[in-house]
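Scroll down for the structure; my scribbles are underneath it.
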Amino acid sequence: MQTGEVGHPDLQAFIDAGPLVGITPSVDLPWTTRNPYDQDVYAKGSDTPIEMVQHVNAAASLPVTRRGEVVGMFIAVLFAEREWTRTDRVVLETVTRSLELALERAEQTREQDGRAALDTFVALTEAVGSDLDPQRVALRASDVLRALLPQLSVSYYDQEDGLWKARFVSDDVSPELSAILRAGLSTQLPVYAHAAAQRRAVFVDSRREVAADIPHTAAYGAAAVYPYFEGDNASHLLMISTQQPRAWTSRERAILVAVGRSLGLALARTSRAEDIRLEALEAKNAELETANEELEAFTYSVSHDLMTPVRHIAGFADLATRHLDDAQKTARSPDIIRQAAQRMNTLIEAMLHLSRTGRQELQLGLVNLGGLVAMAQVDAATDLDGRAVEWQIGVLPLVQGDRDTLQQVISNLIANAVKYTRQRERAVIQVWAQEDEHAWSIFGQDNGAGFDPGHAHRLFGIFQRLPRAAELEGTGVGLANVRRIVTRHGGTVHAIGALGEGPPSASRCPGQGEGWIPGGRGHHGM
Numbered sequence: 000m001q002t003g004e005v006g007h008p009d010l011q012a013f014i015d016a017g018p019l020v021g022i023t024p025s026v027d028l029p030w031t032t033r034n035p036y037d038q039d040v041y042a043k044g045s046d047t048p049i050e051m052v053q054h055v056n057a058a059a060s061l062p063v064t065r066r067g068e069v070v071g072m073f074i075a076v077l078f079a080e081r082e083w084t085r086t087d088r089v090v091l092e093t094v095t096r097s098l099e100l101a102l103e104r105a106e107q108t109r110e111q112d113g114r115a116a117l118d119t120f121v122a123l124t125e126a127v128g129s130d131l132d133p134q135r136v137a138l139r140a141s142d143v144l145r146a147l148l149p150q151l152s153v154s155y156y157d158q159e160d161g162l163w164k165a166r167f168v169s170d171d172v173s174p175e176l177s178a179i180l181r182a183g184l185s186t187q188l189p190v191y192a193h194a195a196a197q198r199r200a201v202f203v204d205s206r207r208e209v210a211a212d213i214p215h216t217a218a219y220g221a222a223a224v225y226p227y228f229e230g231d232n233a234s235h236l237l238m239i240s241t242q243q244p245r246a247w248t249s250r251e252r253a254i255l256v257a258v259g260r261s262l263g264l265a266l267a268r269t270s271r272a273e274d275i276r277l278e279a280l281e282a283k284n285a286e287l288e289t290a291n292e293e294l295e296a297f298t299y300s301v302s303h304d305l306m307t308p309v310r311h312i313a314g315f316a317d318l319a320t321r322h323l324d325d326a327q328k329t330a331r332s333p334d335i336i337r338q339a340a341q342r343m344n345t346l347i348e349a350m351l352h353l354s355r356t357g358r359q360e361l362q363l364g365l366v367n368l369g370g371l372v373a374m375a376q377v378d379a380a381t382d383l384d385g386r387a388v389e390w391q392i393g394v395l396p397l398v399q400g401d402r403d404t405l406q407q408v409i410s411n412l413i414a415n416a417v418k419y420t421r422q423r424e425r426a427v428i429q430v431w432a433q434e435d436e437h438a439w440s441i442f443g444q445d446n447g448a449g450f451d452p453g454h455a456h457r458l459f460g461i462f463q464r465l466p467r468a469a470e471l472e473g474t475g476v477g478l479a480n481v482r483r484i485v486t487r488h489g490g491t492v493h494a495i496g497a498l499g500e501g502p503p504s505a506s507r508c509p510g511q512g513e514g515w516i517p518g519g520r521g522h523h524g525m
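Just so you know, we're using numbering that gives the first Met the number 0 here: the sequence shown kicks off at 0 and counts up by one.
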């Protein structure tokens, strides 16, 4: 810094170029001794060529210190002759001391600003790991940039309806320009398109380039854009800008890239968290839909199936009371009452069993499906009544699942196959497995009564029995249990069939670890 003229163009050029350290006594001496150097008679030619300083007659050089170290030199030059008085020296030292205090305050302010910027950056780092709101995280990134680069404007954009729309703009931007940015700018503008194509930060130094790219931005002299992506498409932008054309320094570039990357991590985390939330919500909705279906069926059952045996009990009890003299009727009434009560008890037990199946915690482990089928065959033997059954059991895998509930699945399917082949002279029941890239498919087939394929969607619903209850025994709960258990294992179940035919059916679900959990594509006629 210089005030006043030095009186010679060559001397001015010498000062502007910078005197050399070690050969300029007027500066070197007070710098090394840390004491003022007063010259009542200036030693002409000691610092510069003598012809430059013929008009200089007195000089005083005082070192400027900060924290005990010399950081600069305060020099006063007089063209008139002067003997420096004690008062002169006190004035010069007071001015120098005031300068030192001002420099100390400026340094403290810079340190405070630096600590504030660091605190803001720490807050951004914490937000990356905790905050799930992308707008709040982007605002924190803007605060960091404004703290580290206070001379710059900051804005953040989302892509919407083919436009880049500013979600927030720093308060130093004019209201008119802020309104334009919030309304949206074309994604085809070169500065944005270039950043999206390069998939990295783009820095524009020229006012002409920025003004050509962004309409109504005559106030911008330079801009830098950091893009963010969802898949292959640019979805967000972080932008810094300044009113004056400038060459972006390496520090400014590094700050934008560092903050930009931190914000990118936060945006990726918030996006993934939203995906997980939606997946969980979808799963909950599926569970709720299933529960609602079962509740609807339960309500129907209570109003029809359970009410029927109750009406029988009440009706025949009343009949027995009113016709005690009719021996034939009263003798048959207790049997009907007993059968109705047994039927009602069976339905209630089936509902309780279904409820327990939904609440029971799965104990996962390796399960031999072949062993489960063998056990189901033993259990079904009591229902054969001497009938011959041709069992065709293929090689079945070891899978990961809950043994007890999977036994219920297999036993239900085998028992139904035995029941619905009752009218066949020669019953054939097949079970086999197929493996593909992601899962095991477990198939079952029999040559039983079959079912109308138009009613296939009802097979695995609670109390949804296709045959009339009088034709074959059952509660309509067994296949609802099958679906619930398979679904809890992560699989699916459905059936294919036709009346009078025994079509293939299958179980299928995604694998977990070694082996796969059986789910299902169903079993016919159930």
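All residues carry an ideal CB built from backbone N, CA and C; glycine is no exception.
Simplified DSSP state of residue i, which is helix, strand or coil
i, result
"K43", "coil"
"D171", "coil"
"P226", "strand"
"E434", "strand"
"V5", "coil"
"P509", "Confidence at P509 is low in this model, with a pLDDT of 35, below 50, so its placement is unreliable and the value that follows should be read with caution. Correct three-state label for P509: strand."
"A497", "coil"
"W30", "helix"
"L153", "The sequence shown places Val at residue 153, not Leu. Strand at V153."
"Q53", "coil"
"I22", "coil"
"D384", "coil"
Selected residue, minimal CA-CA separation from residue i, among the options
i, options, result
"D378", "S240, S173 and Q407", "Q407"
"E229", "F202, D384 and R268", "R268"
"R402", "I484, L10 and P24", "I484"
"A414", "F442, Q376, Q399 and S440", "Q376"
"S234", "E360, L395 and W163", "W163"
"E103", "R88, L91 and G71", "G71"
"L395", "K43, A279, A257 and E434", "E434"
"V201", "Y225, S185, G220 and I179", "Y225"
"E292", "L77, D27 and R482", "R482"
"L255", "Q243, R245, M238 and Q242", "M238"
"A12", "V52, S169 and R250", "V52"
"F450", "N480, E424 and A416", "A416"
"A59", "S240, W30, L371 and I49", "W30"
"P149", "T95, D170, Y155 and E159", "D170"
"S154", "L280, P35, L361 and T241", "T241"
"L91", "A42, T47 and A75", "A75"
"D160", "F167, I495 and T186", "T186"
"Q243", "T47, F78, R252 and A221", "A221"
"G385", "P48, S410 and R423", "R423"
"V430", "Q107, A448, D382 and G369", "G369"
Residue i versus residue j - alpha carbon distance
i, j, result
"D157", "L264", "16 Å"
"L266", "L236", "11 Å"
"H437", "H311", "52 Å"
"S440", "A380", "26 Å"
"V172", "G183", "15 Å"
"D445", "I428", "4 Å"
"L19", "L144", "39 Å"
"V136", "R199", "20 Å"
"E389", "A497", "21 Å"
"G393", "L262", "56 Å"
"K404", "M374", "Residue identity check: residue 404 is Thr in the sequence provided, not Lys. Between T404 and M374, the C-alpha separation is close to 13 Å."
"R139", "V366", "52 Å"
"S25", "A101", "24 Å"
"S152", "L176", "12 Å"
"E80", "A42", "13 Å"
"R14", "V40", "Note on identity: in this sequence residue 14 is Ile, with Arg being the wrong assignment. Near 20 Å, if we compare the C-alpha coordinates of V40 and I14."
Identified DSSP bridge partners for residue i
i, result
"R65", "E68"
"D87", "For D87, which the question treats as bridged, DSSP gives no partner whatsoever."
"W163", "Q158 and L184"
"L365", "Q399"
"Y36", "S60"
"D445", "I428"
"A221", "T241"
"I74", "S60"
First and last residue of the uninterrupted beta strand (DSSP E) at residue i
i, result
"T528", "There is no way to answer for residue 528, as the model of the chain reaches only from 0 to 525."
"W390", "V388 to I392"
"I239", "N232 to T241"
"F202", "V201 to V203"
Bounding residues of the alpha helix (DSSP H) (the contiguous stretch that carries residue i)
i, result
"H193", "P189 to Q197"
"L371", "L368 to A379"
"V136", "P133 to L147"
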